[in-house]
Amino acid sequence: AARIDRQGRTAHLDSPALSFGLTIQPAILSNMMTAGNKRFRNNGTLARFLYAVPRSNVGSRDVRAVYQIPASLTAKYRTMLFSLLSIPPQIIEGNEVPRRLTLNAEALECWLTFAAMIEKRQGPDGDLESISDWSGKLPGAALRIAGNFHLIEHGTNPLAQIEVHTVKNAVQLCTLLIDHAKAAFNLMEADQVTSDAKLIYGWIIKERLAHFKKSEAYRHFKARFTGKADRFSKALHELEERSIMAKTTEPTAGRSATVYIINNALCESA
1 AARIDRQGRT AHLDSPALSF GLTIQPAILS NMMTAGNKRF RNNGTLARFL YAVPRSNVGS
61 RDVRAVYQIP ASLTAKYRTM LFSLLSIPPQ IIEGNEVPRR LTLNAEALEC WLTFAAMIEK
121 RQGPDGDLES ISDWSGKLPG AALRIAGNFH LIEHGTNPLA QIEVHTVKNA VQLCTLLIDH
181 AKAAFNLMEA DQVTSDAKLI YGWIIKERLA HFKKSEAYRH FKARFTGKAD RFSKALHELE
241 ERSIMAKTTE PTAGRSATVY IINNALCESA
């Protein structure tokens, strides 16, 4: 239901269900973590989207080619879309109530296996640690996608339980989206990497360092990088890429220590 205050034209929506489909340029993504936009990451907004970052085909496109959507595919899409809109409301005791979908035993086990895999990869040494705000929501997204797949398959008379093949398809799609999310967040964090690298560079100049151990730099910036080892490494790598320093190792009583040698030209200018 919707209510509108006529004078102020303010709309009130009861239990709105919103879906966003946005097509934006990579440059916009990379701007999402600038100082004015960090709140979108901090408040969980960016974690609620699923991302697709395709490889650019600029330079290899056939400018003479004409692509058309087959009429049969257009008709099938239209039929499926209207079948979803035609699902009748569920009325109990005169009130409209949500239709509840559940998973059968096999489907539930499939989803739990996926959720456990995601959880393990979010730990301190996991590849999803840096985007745990996003990946933590992925199992829930898989359920919603499975629900959509289920309704599309069964139309106006859906079964009450979602079957395992439907959950497998949803899990497969969500697994494919992980690398796309990594690419998207890497774009968003590009400015963050530069900011971190500038901070470490300032420390090098201020202390007139000719070299330093990685562990020393981490201790100095512990407040900034605790729990963010990947971000710390990216900042150091950025300085290497800019030829400000070079990485080497130094033998110790235990494991070899990582040491960074500052560019001689930089030392002389300082």
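With the numbering used here, letter number 10 in the sequence shown gets 10, and the count goes up by one each step, no holes. The C-beta atom is built at its ideal place from N, Cα and C for all residues, glycine as well.
Rounded C-alpha distance that separates residue i from residue j
i	j	result
residue 137	residue 201	36 Å
residue 132	residue 182	11 Å
residue 65	residue 16	42 Å
residue 259	residue 221	16 Å
residue 249	residue 215	12 Å
residue 67	residue 153	27 Å
residue 217	residue 251	18 Å
residue 42	residue 186	16 Å
Neighbourhood of residue i by C-beta distance below 6 Å, restricted to the same chain and skipping five residues each side
i	result
residue 130	230
Three-way DSSP call (helix, strand, coil) for residue i in this model
i	result
residue 104	coil
residue 186	helix
residue 90	strand
residue 173	helix
residue 67	coil
residue 161	strand
residue 149	helix
residue 275	Because the chain here runs from 1 to 270, residue 275 falls outside it and cannot be looked at.
Proximity of residue i and residue j at Cβ, strictly below 7 Å
i	j	result
residue 171	residue 142	yes
residue 213	residue 257	yes
residue 162	residue 101	yes
residue 283	residue 196	Residue 283 is absent from the structure shown; the chain starts at 1 and stops at 270.
residue 156	residue 86	yes
residue 63	residue 110	no
residue 53	residue 184	yes
residue 188	residue 29	yes
residue 84	residue 173	no
Close beta carbons around residue i, own chain, < 7 Å, minus the five adjacent residues each side
i	result
residue 115	139
residue 266	244
residue 80	152
Own chain, CB closer than 8 Å to residue i, minus 5 neighbours either side, in chain order
i	result
residue 135	118, 121, 122, 128, 178 and 181
residue 98	90
residue 148	none
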